[in-house]
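Scroll down for the structure; my scribbles are underneath it.
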Amino acid sequence: MRTTRKRILGPALVAATLASGHGVAAQELVWARYGDADSLDPHRATSTLSMQVWDQIYDTLLAFDMEGTPGPNMATSWEVSEDGLEYTFALADGILCHDGTPFDANDVKFTIDRAFGDNPSLTRTSWGPITGVEVLDPLSVKVTMSSKFGAFLPFLADSFSSMVCDTNTADTFGSSTAIGTGPFSLVEWVKGDQIVLAKNPEFTNLGDPVDNPGAPYIDTLIIRTVPEPQTRLAALRTGEVHIAEPPFDDVPAIQQSGDLDIIVAENTGQDVFWEFTVSRPPFDDIRARQAVAYGTDPQMAIDIIYSGLTNREWCPVARGVFGNDQEFCEQYGYPYDPDKAMELLAEMGYGPDNPLETTMFVWTGGNRHKLAEIFQAQLAQVGINAAIEIMDIGTMNARVKEQNESPDDPSPGTFDMMTWSWYDPDILYQLWHSPGAYSGFQNAELDAMLEETRTTIEPGARLEKVQAVIKYLMENAVHVGLYSPGWEWVFAVRPEVEGFKIGPFLHPIFTDVKIEG
Amino acid sequence: MARFIAQRLLAALVTIWIATIAVTLLIHLVPGDPVRIMYGSFQTTPEQLEEIRQRLGLDQPIWKQYLYYLGRLAQGDLGRSIVGDQPVADILLTRFPATLALTLTSLVIAVVVGMSLGFLAAYKRGTWVDAGAMVLAVIGVSMPHFWLGLLLLFLFALQLGWLPVAGGDWKSLILPALTLGLANAAVLARMTRSAMIDIFDQDFVRTARAKGLPRAVVLYRHALRSGLVPIVSMLGLQFAYLMGGAIVVENVFAWNGVGRLAIQAVFARDYPLIQGFILFFATVVALASVIVDVAYAFLDPRIRYS
Amino acid sequence: MTDTVTLAAHPEDAASARKTGFFRALLSSPTGIIGLAIVGLLLIVALAAPLLAPHDPLRMAAGPRLQPPSWQHWMGTDDFGRDVLSRIIYGAQLTLQIGAIAVGISLTSGLFLGLVAGYASGWAEKVLMRLVDVLFSFTEIVIALACLAIFGVGLTNAMIAIGIASIPFYARVTHSVVLVEKNKPYFEAAVAAGAGHGRLIFRHLLPNVVPTLIVVGTLGVSTAVLAAAGLSFLGLGAQPPQPEWGFMLSSSRDLISRAPWMMIFPGLAIAFTVLGFNLLGDGVREALDPRQRQR
Numbered sequence: 000m001r002t003t004r005k006r007i008l009g010p011a012l013v014a015a016t017l018a019s020g021h022g023v024a025a026q027e028l029v030w031a032r033y034g035d036a037d038s039l040d041p042h043r044a045t046s047t048l049s050m051q052v053w054d055q056i057y058d059t060l061l062a063f064d065m066e067g068t069p070g071p072n073m074a075t076s077w078e079v080s081e082d083g084l085e086y087t088f089a090l091a092d093g094i095l096c097h098d099g100t101p102f103d104a105n106d107v108k109f110t111i112d113r114a115f116g117d118n119p120s121l122t123r124t125s126w127g128p129i130t131g132v133e134v135l136d137p138l139s140v141k142v143t144m145s146s147k148f149g150a151f152l153p154f155l156a157d158s159f160s161s162m163v164c165d166t167n168t169a170d171t172f173g174s175s176t177a178i179g180t181g182p183f184s185l186v187e188w189v190k191g192d193q194i195v196l197a198k199n200p201e202f203t204n205l206g207d208p209v210d211n212p213g214a215p216y217i218d219t220l221i222i223r224t225v226p227e228p229q230t231r232l233a234a235l236r237t238g239e240v241h242i243a244e245p246p247f248d249d250v251p252a253i254q255q256s257g258d259l260d261i262i263v264a265e266n267t268g269q270d271v272f273w274e275f276t277v278s279r280p281p282f283d284d285i286r287a288r289q290a291v292a293y294g295t296d297p298q299m300a301i302d303i304i305y306s307g308l309t310n311r312e313w314c315p316v317a318r319g320v321f322g323n324d325q326e327f328c329e330q331y332g333y334p335y336d337p338d339k340a341m342e343l344l345a346e347m348g349y350g351p352d353n354p355l356e357t358t359m360f361v362w363t364g365g366n367r368h369k370l371a372e373i374f375q376a377q378l379a380q381v382g383i384n385a386a387i388e389i390m391d392i393g394t395m396n397a398r399v400k401e402q403n404e405s406p407d408d409p410s411p412g413t414f415d416m417m418t419w420s421w422y423d424p425d426i427l428y429q430l431w432h433s434p435g436a437y438s439g440f441q442n443a444e445l446d447a448m449l450e451e452t453r454t455t456i457e458p459g460a461r462l463e464k465v466q467a468v469i470k471y472l473m474e475n476a477v478h479v480g481l482y483s484p485g486w487e488w489v490f491a492v493r494p495e496v497e498g499f500k501i502g503p504f505l506h507p508i509f510t511d512v513k514i515e516g
Numbered sequence: 000m001a002r003f004i005a006q007r008l009l010a011a012l013v014t015i016w017i018a019t020i021a022v023t024l025l026i027h028l029v030p031g032d033p034v035r036i037m038y039g040s041f042q043t044t045p046e047q048l049e050e051i052r053q054r055l056g057l058d059q060p061i062w063k064q065y066l067y068y069l070g071r072l073a074q075g076d077l078g079r080s081i082v083g084d085q086p087v088a089d090i091l092l093t094r095f096p097a098t099l100a101l102t103l104t105s106l107v108i109a110v111v112v113g114m115s116l117g118f119l120a121a122y123k124r125g126t127w128v129d130a131g132a133m134v135l136a137v138i139g140v141s142m143p144h145f146w147l148g149l150l151l152l153f154l155f156a157l158q159l160g161w162l163p164v165a166g167g168d169w170k171s172l173i174l175p176a177l178t179l180g181l182a183n184a185a186v187l188a189r190m191t192r193s194a195m196i197d198i199f200d201q202d203f204v205r206t207a208r209a210k211g212l213p214r215a216v217v218l219y220r221h222a223l224r225s226g227l228v229p230i231v232s233m234l235g236l237q238f239a240y241l242m243g244g245a246i247v248v249e250n251v252f253a254w255n256g257v258g259r260l261a262i263q264a265v266f267a268r269d270y271p272l273i274q275g276f277i278l279f280f281a282t283v284v285a286l287a288s289v290i291v292d293v294a295y296a297f298l299d300p301r302i303r304y305s
Numbered sequence: 000m001t002d003t004v005t006l007a008a009h010p011e012d013a014a015s016a017r018k019t020g021f022f023r024a025l026l027s028s029p030t031g032i033i034g035l036a037i038v039g040l041l042l043i044v045a046l047a048a049p050l051l052a053p054h055d056p057l058r059m060a061a062g063p064r065l066q067p068p069s070w071q072h073w074m075g076t077d078d079f080g081r082d083v084l085s086r087i088i089y090g091a092q093l094t095l096q097i098g099a100i101a102v103g104i105s106l107t108s109g110l111f112l113g114l115v116a117g118y119a120s121g122w123a124e125k126v127l128m129r130l131v132d133v134l135f136s137f138t139e140i141v142i143a144l145a146c147l148a149i150f151g152v153g154l155t156n157a158m159i160a161i162g163i164a165s166i167p168f169y170a171r172v173t174h175s176v177v178l179v180e181k182n183k184p185y186f187e188a189a190v191a192a193g194a195g196h197g198r199l200i201f202r203h204l205l206p207n208v209v210p211t212l213i214v215v216g217t218l219g220v221s222t223a224v225l226a227a228a229g230l231s232f233l234g235l236g237a238q239p240p241q242p243e244w245g246f247m248l249s250s251s252r253d254l255i256s257r258a259p260w261m262m263i264f265p266g267l268a269i270a271f272t273v274l275g276f277n278l279l280g281d282g283v284r285e286a287l288d289p290r291q292r293q294r
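Quick mapping for you: the protein sequence lines, in order, are chains A, B and C.
If you use numbering that gives the first Met the number 0, the first sequence corresponds to residues 0 to 516, in order.
If you use numbering that gives the first Met the number 0, the second sequence corresponds to residues 0 to 305, in order.
If you use numbering that gives the first Met the number 0, the third sequence corresponds to residues 0 to 294, in order.
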């Protein structure tokens with residue numbers, strides 16, 4: 000921390016200010032978001048809000064290009080053994096952690112060991128079946144797997160694989176300290192209020208899809224929590240805030256007036272979908288699941304709520320993710336067809352006097368509760384009475400799992416508008432391979448198909464395996480895609496801010512950002 | 000006096016002790032398996048849950064859990080939050096100054112506005128001033144403070160742009176403090192009025208007036224001072240109400256205090272944080288009431304011996 | 000709320016006022032009349048909602064989205080094109096239900112606790128009232144939050160939570176009235192005459208507690224309505240598509256600049272209801288306690 004401060008006051012800053020030609024002191028960018036990070040420890044949270052902060056503090060071994068393909072970053076090259084079980088990475092020389100210590104193979108080993116340690120990473124299984132990490136020399140490291148794992152390389156470009164320096168041994172790590180090799184270093188985190196980051200003058204861009212090869216141009220990045228959309232908009236207008244998610248209903252007016260730029264992230268990997276408690280009635284019956292899918296009109300709902308800022312998503316993996324193909328998925332999809340829904344319900348013995356009773360879980364924020372209200376009204380028209388319960392995403396994850404694990408619960412089974420953002424179709428394995436993230440739909444046939452998506456590495460062959468799974472999930476109405484992207488993907492940016500980019504899978508990048516005037 | 004303070008502190012300790020029992024019970028009143036509800040998230044295996052159960056001592060009989068809880072509490076350990084896995088005590092302590100600033104500022108607003116209005120109404124008893132003040136007070140009591148907050152926000156921040164909306168400085172304290180303060184000023188105005196009417200009717204005020212002292216002096220020196228006594232005794236309760244009101248108001252203005260934290264914790268079913276909040280809240284309110292009681296005893300010497 | 004307790008000191012006045020025509024007294028005070036009128040209006044609106052509401056409160060696209068108040072939609076439409084006036088009218092049903100259930104729970108439980116504690120005396124009374132005092136100092140909102148953390152969110156749970164949270168208050172009021180009654184000659188005489196527990200409690204104590212509780216309960220409806228609206232506003236109470244006023248207020252927040260009517264009318268409805276029960280409570284107190292009226 001001390002070294003960073005000294006450097007800010009040192010020659011780098013003078014050079015930066017002279018170069019900008021304004022003689023203005025430190026450039027400070029304020030980015031407002033609806034909520035705060037849960038933790039600065041990449042193993043202790045899963046929220047997008049947390050990941051977006053990790054992206055600034057930490058770097059990853061690989062990096063995605065704008066198309067979402069992983070390429071070299073802190074690891075300049077790698078070799079995979081014949082049997083596909085050993086990966087050897089060569090690390091770039093000269094990378095420094097924020098505390099001044101060099102970043103090397105020991106830090107990689109520290110990070111992976113930690114992810115599998117006593118208090119393992121919340122997303123441990125996404126690292127794959129890793130059995131060992133070996134430091135060959137300071138700049139090369141070998142990772143061993145127990146079986147082939149096709150999603151390993153993309154994972155190493157994702158924020159969940161953020162490299163944590165081995166000097167993060169204090170018990171304040173993740174809350175008030177966080178040492179990485181990313182473009183910004185942590186100055187202060189006032190929980191619930193703001194995270195203050197200072198530029199890392201030693202940063203070298205090795206693989207991010209931006210123009211700036213070195214340290215960020217801005218000196219300070221403040222990530223502030225401003226929950227109310229209207230307040231964020233007002234703060235954008237007064238200049239208190241430079242970048243923020245606007246209220247959706249105001250976007251057309253903003254676009255018309257042109258006083259703020261609207262940037263919509265693409266290839267976010269975000270998928271919003273229906274899933275069902277299949278362990279008990281009514282959704283143990285495929286017809287009930289299909290009735291929900293036929294009985295709701297996602298296109299109409301997103302047009303009303305998101306003013307055309309998002310897309311109908313037919314697939315269980317979102318646009319930009321390997322295996323996504325709208326045409327392929329649509330053949331197995333459920334177009335809005337209320338009559339068909341009523342027919343299916345009638346077959347099951349439901350009717351106008353005997354509606355299907357259920358509960359829909361929805362997670363807070365992003366206007367999803369409003370979307371749910373539209374779906375609720377549409378479902379009521381076909382004879383499904385769905386109560387809505389709005390909850391935090393963590394609660395929803397736990398409740399969905401609990402529902403699936405309670406087959407004898409006398410109350411009707413629930414369904415939910417689940418959301419996942421993932422960089423690879425391996426998410427389908429994690430969700431639906433038994434025991435499954437939510438203990439939901441599972442059987443041996445699907446398990447075998449999912450195994451193959453992991454062990455098949457060659458892209459053409461893997462695509463076939465992935466699409467077979469997609470077809471199965473959709474035909475059985477297990478995982479029914481609704482729309483993508485779904486949360487925190489729209490940014491309103493003040494006109495004086497230039498160079499703000501959003502990498503694939505919703506990784507905002509600030510190294511190119513300059514504030515003019 | 001020392002004995003009086005000791006007595007009050009003891010009473011506060013009893014309150015806090017009961018709160019510790021209540022929060023220990025809380026987790027067991029939740030239907031279902033608390034560990035699964037709290038930690039049963041993405042990718043947690045049954046073995047991990049079992050390990051967490053043991054680590055938290057939730058596999059022990061309840062009285063053991065309670066002793067365990069007290070033991071950790073003695074070391075200032077309120078457990079770790081589920082969201083973000085951080086020490087609950089740290090989270091509460093970093094958030095509390097914001098709540099305290101809001102509560103105390105609104106207490107000052109409530110006392111100044113409420114007592115002036117009540118005093119004026121009593122002084123001008125039976126006139127239109129009295130009637131007007133009391134109509135205002137009834138409206139104030141009836142107005143939901145989150146609505147008052149939205150109206151103030153709409154008017155002063157969004158329409159007129161007089162106040163910043165997203166900053167963390169003192170200016171952003173103005174609207175939440177006004178919202179909370181004005182809502183409680185109405186209650187204080189009604190209390191002050193009836194207390195002052197009692198005083199004005201008492202003999203010593205009449206005697207003072209008969210002696211020919213200027214009216215203002217009579218009012219301020221005698222009446223106000225005696226009138227203060229019952230009102231100060233209500234301040235502890237007022238403080239508690241304001242702390243409670245702050246929970247809602249903080250959410251209207253995104254004020255970064257413990258109240259907003261508490262609501263987020265309920266949404267996230269972050270039970271360690273909810274438990275910590277309740278205990279913390281009870282402690283603060285209990286200590287505040289000790290302070291008020293002691294202040295009251297200084298103001299009114301009779302109370303010390305009763 | 001605190002000044003209602005003063006009534007407890009004059010229950011014999013209350014008894015006499017009751018005998019000399021409670022309703023005449025109530026109707027002779029302006030607060031009582033206005034309060035009664037507002038509460039009466041609310042009852043009518045709630046009961047006749049299907050007749051009064053121009054539209055189905057849940058029907059989306061009853062009009063275009065986000066229309067300002069007009070002849071077709073007196074209070075405008077919300078972001079789903081639902082008629083705000085119709086939602087407010089149906090919301091009155093929910094609001095009165097909240098008041099009745101929450102006060103019902105706290106009043107009966109508080110009455111029971113207060114009676115038992117006051118009648119029992121000794122250590123039972125001490126322990127019970129100490130516990131009540133402690134719970135009282137936790138404040139209602141924190142108790143309600145704790146209850147919701149246990150039961151989970153939802154309007155029914157919020158009503159129950161508010162009901163439970165107010166029990167300590169009602170117990171204290173009941174207890175203080177019982178203490179006064181117990182020291183009166185008639186009660187001591189009844190004890191001396193060997194009256195049984197049931198007789199003492201139900202024939203002597205209860206009737207004297209009731210007038211005070213009517214006042215406290217009426218005022219309590221306004222507290223309960225405010226609390227429930229607050230919880231719904233925070234997202235812990237009513238869930239979509241319920242036309243609950245606090246919940247409507249909370250959905251108006253994202254649209255506060257574009258559609259201020261979505262924020263103004265539900266707020267007015269809550270304030271109006273709370274005002275009505277406050278005035279009615281004040282009016283009932285004045286009617287029951289003539290001494291209060293002179294002030």
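Backbone N, C-alpha and C fix where the C-beta goes; we use that ideal spot for every residue, glycine too.
Relative to the alpha-carbon of R10 (chain B), which residue among C:T222, C:H72 and C:R129 has its alpha-carbon at the smallest distance? Counting from one through the second sequence, the residue named residue 10 (chain B) turns up at place 11. First, the residue type needs correcting, since residue 10 (chain B) is Ala and not Arg in the sequence shown. Per the Cα distances, C:R129.
Residues near A109 (chain B) by beta carbon distance below 6 Å, same chain, minus five either side: Position 110 of the second sequence, counted from the start, is the residue given in the question as residue 109 (chain B). Only G180, N183, A184 and L187 meet the Cβ criterion.
Tell me whether V34 (chain B) sits in a helix, a strand or coil according to DSSP, three-state version. For the purposes of this step, residue 34 (chain B) is taken as residue 35 along the second sequence, with counting starting at 1. When DSSP states are grouped into helix, strand and coil, V34 (chain B) belongs to the helix group.
Of the listed residues A:N204, A:G206, A:F183 and A:T203, nearest to V195 (chain A) (C-alpha basis): The residue you call residue 195 (chain A) lines up with position 196 of the first sequence. Comparing Cα positions, the closest option is A:F183.
Taking the alpha carbon of S141 (chain B) as the point to measure from, which residue in C:W70, C:C146, C:L225 and C:Q92 has its own alpha carbon closest? Looking up residue 141 (chain B) in the second sequence gives position 142. Ranked by Cα distance from S141 (chain B), the first of C:W70, C:C146, C:L225 and C:Q92 is C:L225.
Should M341 (chain A) go down as buried or exposed, given a rule of 16 or more other Cβ atoms within 10 Å for buried? For the purposes of this step, residue 341 (chain A) is taken as residue 342 along the first sequence, with counting starting at 1. Buried: at least 16 other Cβ atoms inside 10 Å.
Are F168 (chain C) and F135 (chain C) touching if we call contact CB-CB under 9 Å? The residue given as residue 168 (chain C) occupies position 169 in the third sequence. The residue given as residue 135 (chain C) occupies position 136 in the third sequence. Taking C-beta atoms as the reference points, F168 (chain C) and F135 (chain C) count as a pair closer than 9 Å.
What in chain A is Cβ-close to I90 (chain B), meaning under 7 Å? Locating residue 90 (chain B) in the second sequence gives position 91, counting from the first residue. The contacting residues are K190.
Closest Cβ-Cβ distance between N366 (chain A) and chain C: below 9 Å? To locate residue 366 (chain A), count along the first sequence from 1; it is residue 367. Closer than 9 Å to the CB of N366 (chain A) there is at least one CB belonging to chain C.
Nearest to L298 (chain B) (by Cα), restricted to the options B:R79, B:L223 and B:L25: Numbered from 1 along the second sequence, position 299 holds the residue referred to as residue 298 (chain B). Of the residues B:R79, B:L223 and B:L25, the one whose Cα lies closest to the Cα of L298 (chain B) is B:L223.
Would you say Y295 (chain B) reaches chain C, if we count a Cβ-Cβ gap shorter than 9 Å as a contact? Taking the second sequence and counting its residues from 1, one reaches residue 295 (chain B) at position 296. Under the Cβ distance rule, Y295 (chain B) does not count among the residues neighbouring chain C, no pair being separated by less than 9 Å.
Rounded straight-line distance, which links the Cα of Q51 (chain A) to that of A31 (chain A): Counting from 1 along the first sequence, the entry for residue 31 (chain A) is found at position 32. Counting from 1 along the first sequence, the entry for residue 51 (chain A) is found at position 52. If I take the Cα positions, the gap works out to 12 Å.
Mapping DSSP to helix, strand and coil, what is D292 (chain B)? Stepping through the second sequence from its first residue, residue 292 (chain B) is reached at position 293. In this structure, D292 (chain B) counts as helix in the three-state DSSP scheme.
Mapping the DSSP letters down to three states, classify N72 (chain A) as helix, strand or coil. In the first sequence, counting from the first residue as 1, residue 72 (chain A) sits at position 73. In this structure, DSSP gives N72 (chain A) a state outside helix and strand, which the three-state scheme calls coil.
Is the Cβ-Cβ distance between K513 (chain A) and I217 (chain A) less than 9 Å? As a working note, residue 513 (chain A) is residue 514 in the first sequence. As a working note, residue 217 (chain A) is residue 218 in the first sequence. Judged by their CB atoms, K513 (chain A) and I217 (chain A) are nearer to each other than the 9 Å cut-off.
Distance cutoff 9 Å, beta carbons only. Does E563 (chain A) sit that close to anything in chain B? The question about residue 563 (chain A) has no answer, for chain A in this structure spans 0 to 516.
For a test of the three-state rule: what should DSSP assign to A188 (chain C), helix, strand or coil? Reading the third sequence from its first residue, position 189 is the one you call residue 188 (chain C). In the displayed model, A188 (chain C) falls within a helix according to three-state DSSP.
In the DSSP assignment, find the unbroken beta strand (DSSP E) run with T309 (chain A) in it and report its ends. Looking up residue 309 (chain A) in the first sequence gives position 310. No beta strand (DSSP E) holds T309 (chain A); DSSP gives it neither H nor E.
Buried or exposed: H42 (chain A), going by 16 or more other Cβ atoms within 10 Å of its Cβ? As a working note, residue 42 (chain A) is residue 43 in the first sequence. By the 10 Å Cβ count, H42 (chain A) comes out buried.
Going by DSSP, what residues sit across from Q254 (chain A) in a beta bridge? Counting from 1 along the first sequence, the entry for residue 254 (chain A) is found at position 255. Bridge partners of Q254 (chain A) according to DSSP: none are assigned.
Report yes or no: is there a C-beta of chain B within less than 9 Å of the C-beta of I43 (chain C)? Your numbering for residue 43 (chain C) matches position 44 in the third sequence. No, I43 (chain C) does not count as interfacial toward chain B.
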